[in-house]
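Protein chains in written order, with this note's numbering: chain H, 984 to 1325; chain A, 984 to 1325; chain L, 984 to 1325; chain E, 984 to 1325. Yeah, the Cβ is synthetic: ideal placement off N, Cα and C, and Gly gets one too. Source: prediction; values computed, not measured.
Here it is in structure tokens:
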């Protein structure tokens, strides 16, 4: 059998571990061949490939990023070029395609599947916002890096009696903020799922200092936003896909807090460090298992599916279901913050 | 309400995070008080306590170990002294006891519960061998440390064309070995659940070098043991609880391998570093959620239960069920190693 | 004898380790007492103190920040209030003062010394810009964090064929940028000591991509600035001490590069994470030795001096000499970048 | 010009960074070629080589180990085969040889130099026992790993009121033990330079527990040994070079302590993890600078020398002087432990 692999969307720790796992499983279990498409869907559109054998994936387990490269392609272009992609797959004799990516990539995978291409998807998102799977690889690494950084910021804030706001990733879902906030003992965690009230944030800050506490650490998801009418957020405009940009919510909230409370506020935007470098052991295991089970599914003819973590097991779910909605933080998980806020 | 807390069994990253979470939740949600018993069940037997308020748990989230201390007590002693323990609890007006510990601690908790004491247990085990919960805190930290160490050993083994055996924790269950082996790209993983055949291990080593590979990394759970008749393991005798000691299986296997294959073999026993130090972000979140939900259950009168991770949610399971058996590595999880062995 | 201690200026990993070392040495070697002044010189001006005995410094070795707190005070205020500070020192019976801090703190220490107060200074600067000592504690930690972050950014840049600019600390001296750039394999390192030519930077970027290289990592000290006439840097104005602010040089250079080369550029500002958290082992040893030798000097009557690392030994140098000039990167050290640029 | 490179002796973080630096400097500054000999002197004896260009060293900066491999060769064999080695060097047109290694490698380098071969040595030793240089690369990484491990062991020891002995590397010199002991707050540090008195060690342990301290951490260099008559150390025999083996001093001391004091003692032998994995930023910078300056010296005809760190500068010292004696811990450095012991 001949398997095609591509990695779509943004960089994510564990992508290389998945690629290695697919290749090793295909080779060891089935004697199958694997062909990589370069730079995500673009490589499939433009027929740019690289053969992947066991030697080619040596050392990939611990390396961040994706050796196949990745690039974003507008969904409408993908939709328009389905026939072209099917041609390329046919030319190379690809029996099953394993696309690894986030919402966009999996939606495209679903379209291909609907168009008759055998596909097994592998979910990838730092933000943990893909539905129908407990977790995706990359998320644990991102939370782990954010936590380590916030651990470090505590001591600076303490020594100078400051408010420190840390902006973490998460445009539409606050999972990284929630987990890093819990893990690093933040006094305040703001997520996109629940608009914040600036008055309340000010009150929390003031109360902590009034009680004699030495500092305040706030974790702010990049997609967090104020309750209408409580604070004006400068508009970041729309990005290339027509999504509204939330640029610099932490910075703007910091300025507002400083003005309203008179306390010294500093802001740190963690940015790309959250998505780079070697994956945590958790993500390496999850990525390896995803690759393994996707390759088994590919060979067993269970197509149009996505691998998913359910408890301790790797399961298959229909791609259609997986891309139907984003997985955002539930009210019960939001409620867990209460005892640790303030 | 008045909550009692104690930590039993071996040290484990996240214990302090649980204690903090119990105290913060009891205080913030319910205005309840928390009393800590020192050195596990011994503190309850000998009436040694320490009051735990929010100030007392400040800074505990990131600290390894247990601020309450821990000591092992023989189960029969606990059984014999149930009345004494009930007296101490009554003296202090404890409404619910929250014991945090492994199989032994939870079994004692179950006994107390049967004897009429309101109890909510919190599972703790580096080895991940407690049943009825997907995971316990401490396990991710142990796997993470073992993985980092094995990452480091790869380069030494490569540079000198050696076999390197790394002994990790896991007397009865091979979870740490399995996950660290997958995460660190071990060529060989030996677990207690599946006796190893020394011949096969030798064959694997020889084949790798014959293929031109530069080195072999083997991960060996401390409870791994050879198939009867394939190798003599020196007997470690029985420990204080009557369990057979498996001392130094990696060292002994290493000597055997060196003799049989003529290759240079080195052994590293990771030991206590796997259970110390600051918990990973994953374990901090899990420990915090366990403490939170155990305290809620304590206040809601849901006793005789243990908190458990099920998928992404924290659930309650009867203590009786949780201690009925050890959770060992399943055949399907063992099978996952195949594509990554050799 | 009675020793006073204070920590001035910005937060720095190792401050707590110095405090612990001073207290342990004073106590163990001399049976002397130590009194801490809170929030730097402000604590001395306002007579806010805290007694420091061996129990009080337990656990400080590994903790970032300063348990004494720190605050910046304008130099002219210090100068004006010398008599007031001498009074407070006399009231508490302080025989020798050990101020720990950067250029500002050591200049104030020199003034006090000139005014007859026995003083032994301990140099502290993340930026490594204090003269007459090979190194100061905090620098190794900052370089180490920056390097780890840049290691992570490599994989993201590679996967997306980007230019990534990382802004690190260093207003007047490029030591952090130089060392982190060397340690993390940056393709470009910009420091305050040598204004950069935007044309050349563009050429380097273009050449790398033309050669088929996958990405460019540039490390930019916050005080780096363009050659006059090659690029307009938005003026950050003056800060509260009348120093020119260099805000966002990396961000501005990134925009310029993107426009001129057409390549995708991302910018990360590391910020406060560089100065927080537990010190590296190197900084813990250096901080401990500084504290030890400063306390010995205090008891041996060698005042008006600063401890300094010279090769492998801790030496004393006159405060006057130490504060005469900033230590910037030398031309020979700058030249070392050449083989690793591009 | 044509440069030969080889790496001798044990694995050491930074070796690959030196190789990369030599190749980049030779290529960028001088347009010279570099040839690597495989597996240390053995590659030179047996004429096994690998060409090293800039592409071949890509990614080596952060990788532990040595891509050239390393093997130990008995000094007498090297001495006997000098003519053979000169022939191989001549065959390949090597103008200067840059051997990277410890005492053995540098002694061989000196012999070659005396025999008329242009040589520039680069010192390498985890143990930091090479004379005439302030430090060598690898040492900071080893201390850093040992410190991190001891940090972790503190919490286990605290929670169980134990004595924990940690055996670190250092057969003839106690530098790693001294620095890791200072950095990790050990209560006891034993080094080869000063035989220990078991009575005193017992007294220290007993005093700490009598004072109410929760635990004792002891750092023991593998070459530490008892004062004659105070304790019998089982003899490890001689190794292949006729050196006395000190096997398991920490384990044996632990048994003795347990017996004499009645306290629970645990022993951890860090072993190979100290010499593997990615180098610290400090070691990457030092390794890079050593490679750079050795290559410059090679081209400037300054042969028979070794590069050395002196303060902040890289200097050259005659190989003859560098190998005349081992650099052991000085009495003044040993004295620095006093305030931190107990």
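Rounded separation between residue i and residue j - CA only
i, j, result
"residue 1200 of chain H", "residue 1170 of chain H", "6 Å"
"residue 1218 of chain L", "residue 1266 of chain E", "38 Å"
"residue 985 of chain L", "residue 1011 of chain L", "14 Å"
"residue 1328 of chain A", "residue 1261 of chain L", "Nothing can be reported for residue 1328 of chain A: it is not among the residues displayed for chain A, which extend from 984 to 1325."
"residue 1204 of chain A", "residue 1269 of chain A", "24 Å"
"residue 1243 of chain A", "residue 1122 of chain E", "35 Å"
"residue 1165 of chain L", "residue 1295 of chain E", "15 Å"
"residue 1197 of chain A", "residue 1132 of chain A", "19 Å"
"residue 996 of chain L", "residue 1259 of chain L", "6 Å"
Neighbour flag for residue i against chain H, beta carbons, 8 Å
i, result
"residue 972 of chain L", "One cannot answer for residue 972 of chain L here, as it falls past the ends of chain L, which runs 984 to 1325."
"residue 1134 of chain L", "yes"
"residue 1049 of chain A", "no"
"residue 1197 of chain A", "no"
"residue 1258 of chain L", "yes"
"residue 1249 of chain L", "yes"
Nearest residue (CA-CA) to residue i, options the options
i, options, result
"residue 1208 of chain E", "E:1190, E:1185 and E:1181", "E:1181"
"residue 1031 of chain L", "L:1009, L:1120, L:1071 and L:1080", "L:1071"
"residue 1151 of chain H", "H:1159, H:1116 and H:1091", "H:1159"
"residue 1206 of chain H", "H:1174, H:1196, H:1283 and H:1129", "H:1174"
"residue 1075 of chain H", "H:1034, H:1323 and H:1325", "H:1034"
"residue 1311 of chain A", "A:1176, A:1246, A:1281 and A:1274", "A:1176"
"residue 1162 of chain H", "A:1047, A:1263, A:1109 and A:1097", "A:1263"
"residue 991 of chain L", "L:1308, L:1146 and L:1081", "L:1081"
Burial state of residue i (16 or more Cβ within 10 Å)
i, result
"residue 1053 of chain L", "buried"
"residue 1315 of chain H", "exposed"
"residue 1193 of chain E", "exposed"
"residue 1060 of chain H", "exposed"
"residue 1124 of chain E", "buried"
"residue 969 of chain H", "Because chain H spans 984 through 1325 in this model, residue 969 of chain H falls outside it and cannot be assessed."
"residue 1037 of chain E", "exposed"
"residue 1098 of chain A", "exposed"
"residue 1021 of chain A", "buried"
Residue i in three-state terms, based on DSSP
i, result
"residue 984 of chain L", "coil"
"residue 1288 of chain E", "strand"
"residue 1049 of chain L", "coil"
"residue 1293 of chain E", "strand"
"residue 1249 of chain H", "strand"
"residue 1148 of chain L", "strand"
"residue 1077 of chain H", "coil"
"residue 1301 of chain L", "strand"
"residue 1281 of chain L", "helix"
"residue 1172 of chain H", "strand"
"residue 1204 of chain L", "strand"
"residue 1085 of chain A", "coil"
Any C-beta of chain A under 8 Å from that of residue i
i, result
"residue 1271 of chain E", "no"
"residue 1165 of chain H", "yes"
"residue 1141 of chain E", "yes"
"residue 1284 of chain E", "no"
Short CB-CB distance (under 8 Å) between residue i and chain L
i, result
"residue 1252 of chain H", "yes"
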